[in-house]
Amino acid sequence: MAFRDLVGQKEIKGRLNSMFEGEAAQSFLITGAPGIGKHTFGRELAKALMCDSSNGDGACGKCPSCTYFEAGTHPDYKTFEAAKGKKTIKIEDLRNGLISDIAVNPQISSRKVYLIDADKLADVSQNLLLKSLEEPPRGVAFILLCSDQSKLLDTILSRVTTLQLQPYSSDEVAEILRASGKCDGDEAKIRFCADFSAGIPGKALSLADDEDFASEREQIFDFVMRCPKMSVTDILTDEVEYWNNNSDKTDELLQLMQWTLGDVAMLLASPDKGQLKNADKADEIKRFISDVRGLTLINVSNAVNAVTDFAKGLKVNVSYDAACCSMLLKIHKELAR
Ligand SMILES: [Zn+2]
Numbered sequence: 157m158a159f160r161d162l163v164g165q166k167e168i169k170g171r172l173n174s175m176f177e178g179e180a181a182q183s184f185l186i187t188g189a190p191g192i193g194k195h196t197f198g199r200e201l202a203k204a205l206m207c208d209s210s211n212g213d214g215a216c217g218k219c220p221s222c223t224y225f226e227a228g229t230h231p232d233y234k235t236f237e238a239a240k241g242k243k244t245i246k247i248e249d250l251r252n253g254l255i256s257d258i259a260v261n262p263q264i265s266s267r268k269v270y271l272i273d274a275d276k277l278a279d280v281s282q283n284l285l286l287k288s289l290e291e292p293p294r295g296v297a298f299i300l301l302c303s304d305q306s307k308l309l310d311t312i313l314s315r316v317t318t319l320q321l322q323p324y325s326s327d328e329v330a331e332i333l334r335a336s337g338k339c340d341g342d343e344a345k346i347r348f349c350a351d352f353s354a355g356i357p358g359k360a361l362s363l364a365d366d367e368d369f370a371s372e373r374e375q376i377f378d379f380v381m382r383c384p385k386m387s388v389t390d391i392l393t394d395e396v397e398y399w400n401n402n403s404d405k406t407d408e409l410l411q412l413m414q415w416t417l418g419d420v421a422m423l424l425a426s427p428d429k430g431q432l433k434n435a436d437k438a439d440e441i442k443r444f445i446s447d448v449r450g451l452t453l454i455n456v457s458n459a460v461n462a463v464t465d466f467a468k469g470l471k472v473n474v475s476y477d478a479a480c481c482s483m484l485l486k487i488h489k490e491l492a493r
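To convert a position in the sequence shown, counted from 1, into our numbering, add 156.
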């Protein structure tokens, strides 16, 4: 794989292209939101830094170094992450695996690479790394990965070349999902997960695998479709119970509710399918609109407002139960004509 094979991130790839045409830097920091692909970029950069015949487009993919790297057995590549359940990387691991290893010559490549999860570096570990980052011996490169730069010492930040990953377009996330094979070619699922991820491929990939998410989506969509025929009692018992039981997923549920109501508004305003979030459910939404006589855009917009009011209420510590009842009853009032 070369840099061009990575999806999106045009600006960073451009910078890497020109860097690898000349002398590459030795200390890098790759930043961006959790799930954005820092590790994927970090690996590709590490591979290119160690490759015998890398060029502007990164690693060649064929030399002994690339072959060892792909097999996961490259002796000149070391990664440092916190052990499972631990918040930070053990300082002894850095001392033994990095500080006392740094002067040892690489075995296969002309350079060795240390890839470090810098979100897991305590201040004392950052201080330990400072000198090495400042004057890395020839033949050594560092790649730090970090979601939250504010936790890194300024002295670290001033010694690294920073590559800031940007959120992807929905089409780019869809491309990554397709390539992963996780959705079995189900385009509706690919589009839905890609849109819902808000440009974060890691989120889209985990949503694609998450059966709970699929069932939340059905639950909320189904609620809106059935809402006009539901009784107030149904809402105050079954529906409120569902929300209470899934209160840890409130952000997702609210987003799903807004999307479903948004799709109703979209088809109400113009019957052609346009940019529906639930594109695979267009027929159901159309049937809903024709069944609920007299439904107007104002009703749907009021229902959407009830959703945003709930979100606002939670921020000022209104009781969850009360805010939830109020939202569901308002939506019901608007949809039950
Ligand atoms: Zn190579």
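Backbone N, C-alpha and C fix where the C-beta goes; we use that ideal spot for every residue, glycine too.
Fair warning: this is a prediction, and the values are worked out from it, not measured in the lab.
- Collapsing the DSSP output to three states places residue 324 in coil.
- When rounded, the separation of the alpha-carbon atoms in residue 421 and residue 170 is 41 Å.
- CA-CA distance, residue 410 to residue 211, rounds to 47 Å.
- Counting only residues of its own chain and dropping the five nearest sequence neighbours on each side, residue 276 has a CB closer than 6 Å to the CB of 238, 244 and 245.
- Take the alpha-carbon of residue 354 and the one of residue 172: they are about 25 Å apart.
- Straight across, the Cα-Cα distance linking residue 274 with residue 358 is about 18 Å.
- When DSSP reads this structure, residue 319 sits in a beta bridge with 186.
- Remark: the C-beta of residue 213 is outside contact range of ligand 1, defined as less than 7 Å to any heavy atom.
- Annotation for residue 278: 244 place their beta carbon closer than 6 Å to its own, counting only its chain and skipping 5 residues before and after.
- Across the set 407, 412 and 440, the C-alpha of 440 shows the shortest separation from the C-alpha of residue 423.
- Residue 217 has its Cβ nearer than 7 Å to a heavy atom of ligand 1.
- Close CB contacts of residue 412 within its chain, under the 7 Å cut and outside five residues either way in sequence, are with 372, 373 and 376 (chain order).
- For residue 210, the shortest C-beta to heavy atom distance toward ligand 1 is below 7 Å.
- Contact between the region 285 to 303 and the region 187 to 206 is established, with three or more Cβ pairs separated by less than 8 Å.
- Residue 421: member of the alpha helix (DSSP H) spanning 406 to 425, first to last residue.
- If you check the CB distance, residue 330 and residue 350 come in under 8 Å.
- Of all C-beta pairs linking the region 174 to 190 to the region 216 to 231, fewer than three are shorter than 8 Å, placing the two stretches out of contact.
- Residue 292 and residue 405 have their C-alpha atoms some 45 Å from each other.
- Taking each of 381, 399, 472 and 286 in turn and checking the Cα distance to residue 415, the smallest one comes out for 381.
- In the structure shown, the three-state DSSP call for residue 358 is helix.
- If you check the C-beta of residue 314 against ligand 1, you find no heavy atom less than 7 Å away.
- Here DSSP, grouped into helix, strand and coil, assigns residue 257 to coil.
- DSSP places residue 273 in the strand class (E or B) of the three-state scheme.
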